[in-house]
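Read in the numbering used here, the sequence shown has 201 at position 220, and its numbers run on one by one without any break.
One structure below.
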Amino acid sequence: MTFTMTFRTENKLPFLRRPLHIAYTSIFVIFLAYTGLTTPDLLNWLIENSLSLSVLILLAAFYNIFRFTDTSYTLIFLFMMLHVYGSHYQYADNPFGEWMKEPFNFQRNHYDRLVHFGFGLMLTYPLYEVARRGFSLSVFISCVLTLSLVLALSAVYEIVEWLVADLVYKGDEQGMAYLGMQGDIWDAQKDMMLAFLGAIIAIGSALVLRKRRQPAGTKS
-18 MTFTMTFRTE
-8 NKLPFLRRPL
2 HIAYTSIFVI
12 FLAYTGLTTP
22 DLLNWLIENS
32 LSLSVLILLA
42 AFYNIFRFTD
52 TSYTLIFLFM
62 MLHVYGSHYQ
72 YADNPFGEWM
82 KEPFNFQRNH
92 YDRLVHFGFG
102 LMLTYPLYEV
112 ARRGFSLSVF
122 ISCVLTLSLV
132 LALSAVYEIV
142 EWLVADLVYK
152 GDEQGMAYLG
162 MQGDIWDAQK
172 DMMLAFLGAI
182 IAIGSALVLR
192 KRRQPAGTKS
């Protein structure tokens, strides 16, 4: 099977003529700088945001090659802000996660679970766009490929987390805090499950909206 990358010319205005994109980039960079300057754990912040900087560089590099829709850029922006806020502290000590304990009767800080769910919920549609518009794959193949990719990336992230905790933190207590397990031996599996659940919800929502937008009498 041969895949051909296709490019469309609509919405290819230069970055400086896209106010929404400028706003998202400015807010994100300012917030990233703020968390970096005020974090109580700079090493943790640097490790966590190596991913954020990689995504930012990737989006910038491909900005004039493959342009996402504003919906996808909004979802990416929201997830990146969610992740950067989590990196400000150790995920297990995140203030919002601490606040959630009392009203929801949680026994642990669930902010990390919220971010893993957000990964699937918010980044699935942008990945779907790459498969559907970028590679011109069918709706079915795009859905299956995107769901598989989200699950695979979740597994890769858990492996990278383990390697960082073992190699950088030497498996000590700080390494365990970085992993955010909080005593749950099934933490990695639950994180992957939540990401996959978020991806299923995102794909399902996208398909429902797509169906509603189709003119009557047209085939899916």
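Idealized CB from N, CA, C, for every residue including glycine.
Beta-carbon proximity of residue i to residue j, cut-off 7 Å
{"i": "A158", "j": "A41", "result": "no"}
{"i": "V96", "j": "H64", "result": "yes"}
{"i": "A180", "j": "L134", "result": "no"}
{"i": "M61", "j": "S31", "result": "no"}
{"i": "Y106", "j": "A187", "result": "yes"}
{"i": "G115", "j": "F47", "result": "yes"}
{"i": "L1", "j": "D51", "result": "yes"}
{"i": "V145", "j": "I28", "result": "yes"}
{"i": "E142", "j": "L160", "result": "yes"}
{"i": "F58", "j": "Y5", "result": "yes"}
{"i": "T19", "j": "W26", "result": "no"}
Proximal residues to residue i (C-beta, below 8 Å), its chain only, five neighbours per side dropped
{"i": "L(-3)", "result": "I3"}
{"i": "L126", "result": "A112 and L118"}
{"i": "E(-9)", "result": "With a pLDDT of 47 at E(-9), under the threshold of 50, the predicted position of this residue should be treated as unreliable, and no value is reported."}
{"i": "F98", "result": "L175, A176, L178 and G179"}
{"i": "N45", "result": "K(-7)"}
{"i": "L108", "result": "T127, L130 and V131"}
{"i": "S53", "result": "Y106, P107 and E110"}
Reduced DSSP secondary structure (H/G/I, E/B, other) of residue i
{"i": "P0", "result": "helix"}
{"i": "V149", "result": "coil"}
{"i": "D217", "result": "Since the first and last residues shown for the chain are -18 and 201, residue 217 lies out of range."}
{"i": "M162", "result": "coil"}
{"i": "T50", "result": "coil"}
{"i": "K82", "result": "helix"}
{"i": "Y106", "result": "helix"}
{"i": "L32", "result": "helix"}
{"i": "K192", "result": "helix"}
{"i": "Q71", "result": "coil"}
Own chain partners of residue i with C-beta closer than 7 Å, once the 5 adjacent residues on each side are dropped
{"i": "Y92", "result": "G67, Y72, N75, F77 and G78"}
Residues near residue i by beta carbon distance below 6 Å, same chain, minus five either side
{"i": "D168", "result": "M162"}
{"i": "V189", "result": "none"}
{"i": "A183", "result": "L102, T105 and Y106"}
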